[in-house]
Amino acid sequence: MPDTPTPPRPDEDPEDADRSARDGGTPQDPLSQLFSALGGAAPGGPPGALGGLGGLGGLPGGLGGLGGPGGVDPAQLFEQLQKDPQAMAQVMAAVQQLMATSGDGPVNWQLAHDVARQGALAEPDPAPSSSEEREVAEALRLADLWLDPVTDLPSASAAGRAWSRAEWVEATLPTWKRLAEPVASSVADAVASAMAEQIPEEARGMVAGANTMMRSIGGTVFGAQLGQAVGGLSREVVSATDVGIPLVAGSTTALLPGGVAAFADGLGVPAGEVRLFLAAREAAHARLFAGVPWLRGHLLGTVESYARGITLDMSRIEEAVRGLDPSDPSALQGALASGMFEPEKTPAQQAALERLETALALVEGWVDHVVDAATRSTLPSAAALREAVRRRRAVGGPAEHVMAGLVGLELRPRRLREASRLWEAVEASRGTDGRDAVWAHPDLLPTAADLDDPDGFAARRRDAEAADADVDAALEALLRGEERRGTNDDDGDGEAQ
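For the sequence shown, full-length UniProt numbering assigns the number 1 to the initial residue and increments by one for each residue that follows.
#1: Using the DSSP secondary-structure output, state which residues sit across from S305 in a beta bridge.
#2: Considering only DSSP beta bridges, list what A458 is partnered with.
#3: Leaving out the 5 sequence neighbours to the left and right, which residues in its chain are closer than 7 Å to L362 when beta-carbon positions are compared?
#4: By the three-class DSSP mapping on this structure, what secondary structure does residue 534 have?
#5: Am I right that A286 and A127 are in contact with their C-beta atoms under 8 Å? What's the rounded C-beta distance?
#6: Given a threshold of 16 other Cβ atoms within 10 Å of its Cβ, counted over all protein chains shown, does D455 qualify as buried or as exposed?
#7: Who does L255 pair with in a DSSP beta bridge?
#8: Below 8 Å, how does it come out for the segment 290–310 and the segment 163–173: are there three or more Cβ pairs, yes or no?
#9: Using 8 Å as the Cβ pair cut-off and three pairs as the minimum, do the segment 229–241 and the segment 112–125 touch?
#10: Tell me where the alpha helix (DSSP H) around E357 begins and ends.
#11: When you compare only the Cα positions, how much space is there between W146 and A374?
#12: Only counting the same chain, and skipping five residues up and downstream in sequence, which positions put a Cβ closer than 6 Å to that of S381?
#13: Could you check where the alpha helix (DSSP H) with E132 kicks off and where it finishes?
#14: Report, in whole angstroms, the separation of the C-beta atoms of L142 and L276, which I expect to be a contact under 8 Å.
#15: Classify T151 as helix, strand or coil using the three-state DSSP reduction.
#16: Where does the unbroken alpha helix (DSSP H) through A290 begin, and where does it stop?
#17: Taking buried to mean at least 16 other C-beta atoms within 10 Å of its own C-beta, is E441 buried or exposed?
#18: Kindly say whether D450, judged by its beta-carbon, lies nearer than 7 Å to any beta-carbon of chain B.
#19: Which same chain residues, not among the five before or five after L247, have their C-beta less than 8 Å away from its C-beta?
#20: Going by the beta-carbon positions, is the gap between A188 and G218 smaller than 7 Å?
#21: Buried or exposed for A284, please, with buried defined as at least 16 other CB atoms from any protein chain shown within 10 angstroms of its CB.
#22: Do T253 and E282 have their beta-carbon atoms positioned less than 7 Å apart in this structure?
#23: Can you tell me where the alpha helix (DSSP H) with R390 in it begins and where it stops?
#24: With DSSP run on the structure shown, which of helix, strand or coil describes T172?
#25: Taking E133 as the reference, give the member of S185, R161 and H113 with the closest Cα.
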């Protein structure tokens, strides 16, 4: 998969961003933009659009002289602030006013949205043409028909859509928000607490409100990085369900023509076959999530359960914060990117992670098995495409790894092959209806231990059902015996009278 390019700045043309990267330049990071904005240059707007610190030129210490065409020089700013408590107070007020635009949550979601859109547009992202829309709709319709003989789950009955990368961002960002917010909240609190510990006792009154400001800055940086990861993913995915979790509510089915073309590049397989194979995977995912109503909530709930329980190594954070240079706005962003705030995995977290990895593997394994059954006799290159998808899902792309660092999870199935083999064994033992009946309730799902022995799962399930049937028969016989004794007792009482 291609490396994830750096998203352009809000005020930068995508081509200029690409040119800057090629020339060895470094696009301005979100905190640098923040400090530029403090000097009056709003991202995406003319100088002075935010007001910034332009009105502080008359302050003692001469802050007005710190600005220039590029805004405030952070090093000079901090040097002046250390000398002037009044300037510090006014700068804090200006910063807090600026950061108020990030909202009450732990993530600046407007920034995340904007950066994700910019990431999607880092390469040309035209709206799908009318011919592409027809090709996608026809591929999804035909693939859905192929699935009818191989699964009892009904069609999702959703019209197929062709999406641009930007449309994928808009459709999936609400779910990313749901998944990332608990982690972001913990990180923002940890950063603010660690920063506060570094402020000398005698200076804490002077920087009242700094905790809120640092939390907001952390939310801004996290939002920018999350947006960058989502934008990067938009350049890697091929469909609405490609990430493995149901990012879009409802029964929407969609392919991204640009992503499909990128996946097909170099495979040596006709583009039409690639489109049909990926359409079959998308339609299978849609059937599963529509036909098993509890599954989407189960997967997302497992992620949320993991996120709510994360703990952070505060000593590690405090040590790293002590090494941060406050005059370097990119320091905090670099710390986040390097995994400084990687959550500790408690036993409860490990259990939640295992449940999620198993559930993801079962979903992807079922789709892999069902699509193979549906396409092996209809697409000449089905086997090659199946292996290409398996390898792609196992490795993951650059943006997927960035996302894993942010939310603490790798949202990809580690055990796809074992899960596919398990569904194959269940079908061989119990038929298609018996295989799909396993999705009737989360308690019936195979466990990680079952994935260790896919062939044995069907036999164990069969033995367990036989034992349950024996218990049911014994209970029924017992109840019938009680009923007969009750009837005889009633008859005896009547004769005695």
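Idealized CB from N, CA, C, for every residue including glycine.
On the basis of the supplied data:
#1: Beta-bridge analysis with DSSP links S305 to no other residue.
#2: According to DSSP, residue pairing for A458 in a beta bridge does not occur.
#3: Cβ within range, chain order: A419, L445 and P446.
#4: Outside the modelled stretch of the chain, which goes from 1 to 497, sits residue 534, for which no answer is possible.
#5: No, A286 and A127 are not in contact; Cβ-Cβ is about 23 Å, not under 8 Å.
#6: It counts as exposed.
#7: Beta-bridge pairing links L255 to A162 and S239.
#8: No, the segment 290–310 does not touch the segment 163–173.
#9: Under the three-pair Cβ rule at 8 Å, the segment 229–241 counts as touching the segment 112–125.
#10: Counting along the chain, the unbroken alpha helix (DSSP H) around E357 starts and ends at P347 to T375.
#11: Looking at the two C-alpha atoms, the distance is approximately 6 Å.
#12: Within the same chain, S381 has close Cβ partners V269 and E273.
#13: Counting along the chain, the alpha helix (DSSP H) containing E132 begins and ends at S130 to L147.
#14: In this structure L142 touches L276 by the C-beta definition: roughly 7 Å separates them, less than 8 Å.
#15: Taken through DSSP and simplified to helix, strand or coil, T151 comes out as coil.
#16: Looking at the DSSP string, the run of the alpha helix (DSSP H) that includes A290 is A271 to G291.
#17: Looking at the sequence shown, residue 441 is not Glu but His. By the 10 Å Cβ count, H441 comes out exposed.
#18: Among the chains in the structure shown there is no chain B, since it carries only a single protein chain.
#19: Taking L247 as the centre and dropping the five residues before and after it, the same chain places the C-beta of A171, T172, T175, W176, A240 and T241 closer than 8 Å to its C-beta, in chain order.
#20: Yes, Cβ-Cβ distance for A188 and G218 is below 7 Å.
#21: Burial of A284 is indicated by the presence of at least 16 other C-beta atoms within 10 angstroms of its C-beta.
#22: Yes, they are a contact pair.
#23: Counting along the chain, R390 sits inside the alpha helix (DSSP H) bounded by residues A382 to V395.
#24: Assignment of T172 by DSSP, reduced to helix, strand and coil, places it in the helix class.
#25: Ranked by Cα distance from E133, the first of S185, R161 and H113 is R161.
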